[in-house]
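Residue numbers (this note's numbering): 2 to 449.
Below you can see the structure in the form of C-alpha cells.
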C-alpha cells in the first residue's frame, strides 16, 4: 500500500512557531497598552451606564477585538491594524507593519552606490524620483561631488512632478475610500499625463531611476519642455475643478471634518512629518529650512493649516500642488544651458556618446560600474529632502570602498505611522479608512 507523500509544511512540529508567537505578542501589547482615552474617561466620565450595569444583550455595550488588514485595500496590502472596540469607538489600537521583509538597508550595503538606485524607486513607489534625488544628494555629500546647475534644475522639476503625482493618487484613493469612485479616475488621468512626461525624459513611466550620482542620466528634450508646460496649464484648470467640486461638498466635508485630529504639540511629540505636520500648524518644510538643489532661488509658499484634522490635510495637499506648479514654471524659465553630469570619471558615468565612440569612455564606464563612487574612509553624511510624504533622509557611512559600510533610512511613512495608533484611539471604527488615507503611508518605505 502506497504511503501518502510527506510534503514540507504539513507537520510543522516545532519548526514553524513564529506566527503564533507573533500574534500572541500583538494581543498582549493590545491588552497591556495604556490608551489616552482611558484617562479622559476616568477624568470626565463618558456619561454612559456604569460598567457594572452593562447589559450583556446589547451588542453596542460589548468590547470586541477586530483585525483590519492586511487584506484591506486602504492599507496597501501590508498594514495590519489590531483594534479593541468599545461599541463603535476604538479604545486601543496596535499597528503591525512587518509584512514586506525587504531588508533594504542591508541590501544597500552589498551594492555600489549607483547600483542601489533602482531600489530607491521601490521605496515610495508613488514618487520614485524624490527617492532617487534623496539618495544621490546623500552620496554626493558623502563623497564631496558637485553637480552642474542644469542637473539641479532638472531634478527640481522632476521632484515637483513626482509630488503632484503622489498627491493625485492620495486624493483619488481618499475619494474612493469615502465612496466617490469617479474621483479616482479624474486624478489618475493627471498621473497618466505625468507618466508620459517621465517616459519622454527618462524612458520609463513608473520606476524611473533617472537621477545619477553627479547629475542626471539624460537631458530634457524640446518635446519634454512642451509636455511639461502643457501639463502645468491643464493641471491648473483641473485642480480648480476639483476644488469647486469638493471644497463645499457636504458629504466630503462631513466625512473629514474633525476626524483624526492632532494638535500642534501632539504632532511634534509624535514625530509627524510633511503635510501631516504642517496640517497641524507646524511650518516646517525641508525645502525652506535646509534648502537643497536650487530651492532657495525660487519663490514658493509653504501651505499651513491649524485645524489638524483630515480636512486640513486635504486642503493643504491641494495647496501644495498649486505651489509645485509655481516651482516647475520658474525652473523652466530659469533653466541654464550646460552639462548634466559632473565631468569626472571617478564621480559620474560618462555620456553614452563617450562610451559608444571612445575607448577611454568605455573604460571609464566599466571601471565606474565595477568600483563605483569611493568616498573617504570614515566619512559619514546625512541628507534629507522634502518628499511628498515628508522628510526623507539617508544616513551613510563609508569604509573607503565603492559600497556603503552602513545605510540608515529616515522614511517619512514610518515616522508618520508612529502617530497612527494615537490618532485612531478615540475615533469611530468607520473613520479608520479615512484616517489612514489622510496620513498617506506607503509601506514600501515603512518596512525597511
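Positions of the beta carbon are idealized from the N, C-alpha and C atoms, including for glycine.
- Here the C-alpha atom of residue 275 lies approximately 15 Å from the C-alpha atom of residue 127.
- Straight through space, the alpha carbons of residue 269 and residue 102 are spaced by roughly 29 Å.
- The alpha-carbon of residue 316 is positioned some 11 Å away from that of residue 254.
- Close CB contacts of residue 318 within its chain, under the 6 Å cut and outside five residues either way in sequence, are with 168 and 276 (chain order).
- Contact between residue 421 and residue 91 does not hold, since the beta-carbon distance rounds to 11 Å and is not under 8 Å.
- A direct Cα-Cα distance of roughly 10 Å separates residue 149 from residue 294.
- For the pair residue 139 and residue 395, the CB atoms are nearer than the 8 Å cut-off.
- Between the alpha carbons of residue 348 and residue 214 lies a gap of roughly 7 Å.
- By the Cβ test, the segment 111-130 is in contact with the segment 203-220, since at least three Cβ pairs between them sit closer than 8 Å.
- In the pairwise beta carbon analysis, the segment 222-241 is classified as not touching the segment 255-266: fewer than three pairs are separated by under 8 Å.
- Around residue 147, the same chain offers 141 and 343 as residues with beta carbons nearer than 8 Å, after the five sequence neighbours per side are excluded.
- Of the residues assessed, residue 182 falls on the exposed side of the cut-off, its CB having fewer than 16 other CB atoms within 10 angstroms.
- When DSSP reads this structure, residue 82 sits in a beta bridge with 69 and 96.
- Taking residue 356 as the centre and dropping the five residues before and after it, the same chain places the C-beta of 362, 363 and 366 closer than 7 Å to its C-beta, in chain order.
- Nearest to residue 292 by alpha-carbon distance, out of 386, 163 and 81, is 386.
- A residue is called buried when at least 16 other Cβ atoms come within 10 angstroms of its Cβ; residue 113 meets this threshold and is buried.
- Taking a contact as a CB-CB distance under 8 Å, the pair residue 232 and residue 198 counts as one, their CB atoms being some 6 Å apart.
- Nearest to residue 31 by C-alpha distance, out of 352, 93, 273 and 245, is 93.
- Considering only 216, 176 and 296, the residue with the shortest C-alpha distance to residue 329 is 296.
- If you draw a 10 Å sphere on the C-beta of residue 230, you find fewer than 16 other C-beta atoms in it, and that means exposed.
- Residue 71 sits away from residue 83, with the two beta carbons spaced by 8 Å or more.
- Here DSSP, grouped into helix, strand and coil, assigns residue 410 to strand.
- In the three-state DSSP reduction, residue 235 falls in the helix class (H, G or I).
- Listed in chain order, the non-local C-beta contacts of residue 321 below 6 Å within the same chain comprise 304, local neighbours out to five positions each way being set aside.
- Closest by C-alpha distance to residue 81, out of 66, 202, 87 and 248, is 66.
- Proximity to residue 217 across 256, 271, 152 and 288 peaks at 152, based on C-alpha coordinates.
- The closest CA to that of residue 311, considering only 246, 351, 434 and 359, is found on 434.
- Residue 170 is positioned such that its CB atom lies closer than 8 Å to that of residue 188.
- No residue range can be given for residue 113, since it is assigned to no beta strand (DSSP E) and is classified by DSSP as neither H nor E.
- Closest by C-alpha distance to residue 377, out of 108, 99, 89 and 144, is 144.
- A direct Cα-to-Cα measurement between residue 193 and residue 266 gives close to 39 Å.
- For the set 368, 383 and 418, the Cα lying nearest the Cα of residue 137 is the one of 383.
- For residue 392, the enclosing beta strand (DSSP E) covers residues 391-399.
- Pairing residue 175 with residue 352, the inter-Cα distance amounts to about 42 Å.
- When DSSP states are grouped into helix, strand and coil, residue 383 belongs to the strand group.
- About 6 Å separates the Cβ atoms of residue 390 and residue 441, confirming a contact at the 8 Å cut-off.
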